[in-house]
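**Student:**
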Amino acid sequence: MSFRYIGSKARVVDAILERVGKPNGGMFIDAFSGTGAVAVAASNAGWPVLVNDNLSSSAIMSFARVISEEQVAFTHFAGYENAISALNEASPIRGFIHREYSPASADHCDVARMYFTEDNATKIDGVRKVIESWAEKSLVTKLEEKLLIADVMGAANRVANTAGTYGCFLSKWQRQSRDQFTLTPRALPKLAPPASMSIGDVSNISCTPDDTVYLDPPYTKRQYAAYYHILETIALGDEPLVKGVCGIRPWQEKASDFCYKVRAAKALNNLIQSLPAKRIFLSYSTEGHVAISELENILGNLGKVETCELDQIGRYRPNRAASEAGSLVGEILFCLEKRPQKGRAAA
Ligand SMILES: C[S@@+](CC[C@H](N)C(=O)[O-])C[C@H]1O[C@@H](n2cnc3c(N)ncnc32)[C@H](O)[C@@H]1O
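Each residue of the sequence shown is one higher than the last, beginning at 0 in numbering that gives the first Met the number 0.
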């Protein structure tokens, strides 16, 4: 699955894996997994992986990319494809997504939210309800349920009337938003290295000295919990009290320290100090809250650090003159070999 996720490393994943190298007996932990672009590349390279994100939506979509066909037999449906076909036949329902994220929202608030057409919103509600009932009746395993939820998020993304994030909807229907919401089965590998998933703050991931940890924290003020709120609601299948023109679910409890300029450096220092893993890779941008030189100091105090510039891209500028005057944005990867620590750092 590929979509325009803020900070996705899809473009530079090969360069990251080149530095990470071959499996060495430990696990590859993608601690801020996002879309799972890096985790899936590591899994393809043979690494057992753990994906973690503090958003359920991100952890689930990452996890769905690192599982194999043999783990999701869908025995009750005689296969994954049949389960997807059955979902595509689900009856539309006027549920939460229809009520809050289609123009039907105008029936109960001042704004007609144009995230999805009414038809597509009722399809999303219908499909999500069916998955929930299959899970309740144990017709699907927990893993199969996650895979289907990831497929719903992918299909919803394809018809969302947005410019890439769910921070706001567009005021005119875009061509893709008029397409019909349809699930498509993904191509699963026959076999894959072991994979596991956790949902939660990065400070709670479990890792050992032999694991390799990849950190790709947010580096701007954009809070993912707010920007991807509808995916989170689809993943959780809940009905939160949503507010404002864009109907954003409460997200403050998932606000990330890494998104605040005044907290980011300390949060990174504490995190990297406290991780028991000997090998740590950190992605960061030259446009991030923390200066590259400051990160080099933080990491240099903890062990041997190498700074690799992966890529340079032109920063978005509103017009050509501004663009020509604009600087380049660099995608940096720090590779840290940690010195043995005496004890875990205090937060
Ligand atoms: C830059 S994105 C990761 C992109 C990912 N590497 C990819 O290629 O798609 C950062 C991710 O960190 C997650 N995140 C932010 N704060 C977090 C925290 N404190 N603990 C765990 N995950 C967090 C966000 O939800 C987001 O998915």
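Beta carbons: idealized from backbone N, C-alpha and C, even for Gly.
#1: Using the three-state DSSP reduction, which class does C206 fall into: helix, strand or coil?
#2: With H, G and I counted as helix, E and B as strand and the rest as coil, what does DSSP make of V328?
#3: How far does the beta strand (DSSP E) with S255 in it reach, from first residue to last?
#4: Between the C-alpha atoms of L138 and V71, what's the straight-line distance to the nearest angstrom?
#5: Rounded to whole angstroms, what's the CA-CA distance from L214 to I15? Just pull it up for me.
#6: Kindly give me the distance between the Cβ atoms of F31 and V304, rounded to whole angstroms, as I take these residues to be in contact under 8 Å.
#7: Identify, in the order they occur along the chain, each residue of the same chain with its Cβ nearer than 6 Å to the Cβ of G94, setting aside the five sequence neighbours on each side.
#8: Between S273 and ligand 1, is the CB less than 7 Å from at least one heavy atom?
#9: Would you call the CB atoms of T181 and N87 closer than 8 Å?
#10: Mind checking S61: buried by the 16 CB within 10 Å criterion, or exposed?
#11: Cβ-heavy atom distance between K8 and ligand 1 below 7 Å?
#12: If you follow the beta strand (DSSP E) that N51 is part of, which residue opens it and which one closes it?
#13: Using 8 Å as the threshold, is the C-beta distance between V11 and E330 below it?
#14: Indicate whether R338 and G302 have their beta-carbon atoms separated by less than 8 Å.
#15: Indicate, with yes or no, if ligand 1 has a heavy atom lying under 7 Å from the CB of N51.
#16: Rounded to whole angstroms, what's the CA-CA distance from I28 to R262? Just pull it up for me.
#17: Under 7 Å from any heavy atom of ligand 1, does the C-beta of T34 make it?
#18: Assuming contact is defined by CB atoms lying nearer than 8 Å, are N156 and Q173 in contact in what I supplied?
#19: Can we count V201 as close to ligand 1, meaning its CB is less than 7 Å from some heavy atom?
#20: Can you confirm whether K8, when its beta carbon is compared against all beta carbons of chain C, has any partner nearer than 8 Å?
#21: Could you check whether the Cβ of F115 sits closer than 7 Å to any heavy atom belonging to ligand 1?
#22: Relative to the C-alpha of R221, which candidate in P193, W250, A85 has its C-alpha closest?
#23: Let me know the secondary structure DSSP gives I279 once reduced to three states.
#24: Quick check on DSSP: helix, strand or coil for L235?
#25: Give the single residue among L235, N203, V158 whose Cα lies nearest to the Cα of M271.
#26: Whole-angstrom Cβ separation of L267 and P216, contact assumed at under 8 Å?
#27: So the beta strand (DSSP E) N4 belongs to, where does it begin and stop?
#28: Using the three-state DSSP reduction, which class does P339 fall into: helix, strand or coil?
#29: So, is T74 buried or exposed, given that buried needs 16 or more other C-beta atoms within 10 angstroms?
**Tutor:** Let's see:
#1: DSSP places C206 in coil when its eight states are reduced to three.
#2: For V328, the three-state secondary structure derived from DSSP is strand.
#3: It is not in any beta strand (DSSP E) - S255 carries neither H nor E in the DSSP assignment.
#4: Taking the straight line from one Cα to the other gives about 12 Å.
#5: Here the alpha carbon of L214 sits roughly 11 Å from the alpha carbon of I15.
#6: Between F31 and V304 a beta carbon distance of about 19 Å is seen, past the 8 Å cut, so the two are scored as non-contacting.
#7: Cβ within range, chain order: D124.
#8: Checking the Cβ of S273 against ligand 1 gives no.
#9: Cβ distance < 8 Å, so T181 and N87 count as in contact.
#10: Per the 10 Å Cβ criterion, buried.
#11: The answer is yes for K8.
#12: Run containing N51: 48-52, per the beta strand (DSSP E) assignment.
#13: Less than 8 Å divides the Cβ of V11 from the Cβ of E330.
#14: When the beta-carbon positions are compared, R338 and G302 come within less than 8 Å of each other.
#15: Residue side-chain check: N51 places its Cβ nearer than 7 Å to a non-hydrogen atom of ligand 1.
#16: Cα to Cα, the separation comes out at about 24 Å.
#17: Within the cutoff, so yes.
#18: For N156 and Q173, no; Cβs fall outside 8 Å.
#19: Checking the Cβ of V201 against ligand 1 gives yes.
#20: Although the question refers to chain C, the structure presented lacks it and comprises just one protein chain.
#21: The beta carbon of F115 sits no closer than 7 Å to any heavy atom of ligand 1.
#22: Closest option to R221, Cα to Cα, is W250.
#23: Three-state DSSP puts I279 in a strand.
#24: In the structure shown, L235 sits in a helix (DSSP, three-state: H, G or I).
#25: First, the amino acid is wrong: residue 271 is Ile here, not Met. Taking only the C-alpha atoms, the option nearest I271 is N203.
#26: At roughly 7 Å, the Cβ-Cβ gap stays under 8 Å, so L267 and P216 are in contact.
#27: Before going further, note that residue 4 is Tyr rather than Asn in the sequence given. Element bounds for Y4: n/a, residue is neither H nor E.
#28: Three-state result, P339: coil.
#29: Burial state of T74 is exposed, judged by a 10 Å Cβ sphere holding fewer than 16 other Cβ atoms.
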